[in-house]
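> Here's a structure for you.
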Amino acid sequence: MTIAVRFPDGSVRNIPAQLKEIPDASSPDTQPSFERVPLNCDPVWRFQRVGEEWYATPRSGSLSMLKPILPEWWRTVRHMDDSAPRPGRQRQSQNRRGPIDTAA
Numbered sequence: 001m002t003i004a005v006r007f008p009d010g011s012v013r014n015i016p017a018q019l020k021e022i023p024d025a026s027s028p029d030t031q032p033s034f035e036r037v038p039l040n041c042d043p044v045w046r047f048q049r050v051g052e053e054w055y056a057t058p059r060s061g062s063l064s065m066l067k068p069i070l071p072e073w074w075r076t077v078r079h080m081d082d083s084a085p086r087p088g089r090q091r092q093s094q095n096r097r098g099p100i101d102t103a104a
């Protein structure tokens with residue numbers, strides 16, 4: 001499901017959207033109504049409604065990668081830690097018959 005969004009250059013693009021419930025506090029017993037809103041998951045653009053239309057505006061700021069406070073639990077399991085050296089690691093043995101001919 002998509003929704004049309006107008007970008008600063010004047011173009012209109014279809015953006016992934018979701019259905020969002022419109023709360024009606026005056027009559028809570030009625031059937032809920034829904035509207036399509038764009039997903040705000042784009043790292044470059046933020047989507048805002050002006051009247052009935054949606055507009056894209058550039059995001060400001062910068063993204064930073066979050067680092068875990070504690071090491072991941074699997075690092076304590078020797079076989080699951082890819083960065084840990086493995087003693088006795090053997091090279092893969094080659095096929096005794098030689099390489100497989102796939103041209104045939």
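The sequence shown maps to residues 1 to 104 in UniProt numbering.
Each residue gets a CB set at the ideal place from its N, CA and C atoms; glycine is no exception.
Quick one, which of 6, 80, 31 and 65 has its alpha-carbon nearest residue 38's?
Closest by alpha carbon: 6.
> Give me the Cα-Cα distance between residue 8 and residue 20, rounded to the nearest whole angstrom.
Each residue's alpha carbon lies about 25 Å from the other.
> From the DSSP output, which residues share a beta bridge with residue 22?
In DSSP, residue 22 forms a bridge with 33.
> Are the Cβ atoms of residue 3 and residue 54 separated by less than 9 Å?
It is a contact, given that the beta carbons lie within the stated cut-off.
> Excluding the 5 residues flanking residue 40 on each side, which residues of the same chain have their C-beta closer than 7 Å to its C-beta?
Excluding sequence neighbours, residue 40 sits near 46 and 47.
> What beta strand (DSSP E) runs, 3 residues minimum, are completely inside the segment 40-67?
Segments of the beta strand (DSSP E) lying fully in the segment 40-67: 45-50 and 53-58.
> Work out the CA separation of residue 77 and residue 58 for me, nearest whole Å.
Cα-Cα distance, rounded: 44 Å.
> For residue 74 and residue 64, what's the separation of their Cα atoms in angstroms?
So the two alpha carbons sit approximately 24 Å from each other.
> Taking the continuous beta strand (DSSP E) assigned at residue 6, which residues delimit it?
Unbroken beta strand (DSSP E) run through residue 6: 2-6.
> With distances taken Cα to Cα, identify the nearest neighbour of residue 14 among 66, 56, 69 and 27.
The shortest Cα separation from residue 14 among 66, 56, 69 and 27 belongs to 56.
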